[in-house]
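Below is one structure, written out as structure tokens; the observations come after it.
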Ligand SMILES: [Fe+2]
């Protein structure tokens, strides 16, 4: 009896913390900065090349670096069963993970004029906008008002409400990710952090938001809607 119990315990031996960390870390590929599909200067004059370069290589990269650091600490805390440390990391993961997700969507939501930027596409997106907002003008007006009205730093969103099968305009504070915090599937995001516009528009957020619509990649927004509804 005694022998078999020892053997059984040996068979169930818990891996050392170090092995668990490496195994967990291996399972989680670190986040990496996505390439843009256009040059930094191609969104001018709507958004300057200087803003785009800093926004992409400095701000987005910082969210990624901080997310990866937090995820490494999380793997360590999980391996140790340190629930307090796990809980302490949640805010950093939400903020930096949200920053990574939001910006990854934002870059694809944009396109240079002449390469799809500002060009509405036919399809279910246009049909739903027409049915719910009566015109593109009304949609952009309402989304602009919501985005301009964000207090402090945050995002304006056009999302898809899967429950009610409708488009929805929403705002999020800081880097709160839309779907994780509201349930809406993100279709089009407008970054209204000052780092997204201050070098060019100073404090005039409404002018920046107005310009953004000149470079919205509506084909990408339609693709996201198609994915959300299929
Ligand atoms: Fe940003």
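In our numbering, the protein residues as written are 56 to 285. Don't be surprised by glycine CBs; every beta carbon is placed ideally from N, CA and C.
Rounded separation between residue 285 and residue 94 - CA only
Position 230 of the chain shown, counted from the first residue, corresponds to residue 285. Position 39 of the chain shown, counted from the first residue, corresponds to residue 94. Cα to Cα, the separation comes out at about 32 angstroms.
Taking contact to mean at least 3 C-beta pairs separated by less than 8 angstroms, is the stretch 203-218 in contact with the stretch 242-250?
yes
Suppose you measure from the CA of residue 117 to the CA of residue 152; what does that come to, to the nearest Å?
Working through the chain shown from its first residue, we reach residue 117 at position 62. Working through the chain shown from its first residue, we reach residue 152 at position 97. Going by the C-alpha atoms only, they are around 11 angstroms apart.
Residue 164, buried or exposed, once every other Cβ within 10 Å from all chains shown has been counted against 16
Numbered from 1 along the chain shown, position 109 holds the residue referred to as residue 164. When all chains shown are included, residue 164 counts as buried.
Between the stretch 172-182 and the stretch 269-281, are three or more C-beta pairs nearer than 8 angstroms?
yes
C-alpha gap between residue 221 and residue 194, whole angstroms:
On the chain shown, position 166 is the one that residue 221 refers to. On the chain shown, position 139 is the one that residue 194 refers to. Using only the alpha carbons, I get a separation of about 13 angstroms.
Closer than 6 angstroms by C-beta to residue 121: which residues in its own chain qualify, once you throw out the five before and the five after it? Chain order, please.
Here residue 121 refers to the residue found at position 66 of the chain shown. If we look at residue 121 and ignore the five residues flanking it on each side, its Cβ neighbours are 151.
Nearest to residue 230 by CA position, among 249, 87 and 216, is which residue?
Here residue 230 corresponds to residue number 175 of the chain shown, with the count starting at 1. Residue 249 is the option with its Cα nearest to residue 230.
List in chain order the residues whose CB is within less than 6 angstroms of at least one heavy atom of ligand 1.
110, 114, 158, 246, 248, 250 and 251
Measure from the alpha carbon of residue 253 to the alpha carbon of each residue in 87, 97, 105 and 124, then state which is nearest.
Within the chain shown, residue 253 is the residue found at index 198, counting from 1. Closest option to residue 253, Cα to Cα, is 105.
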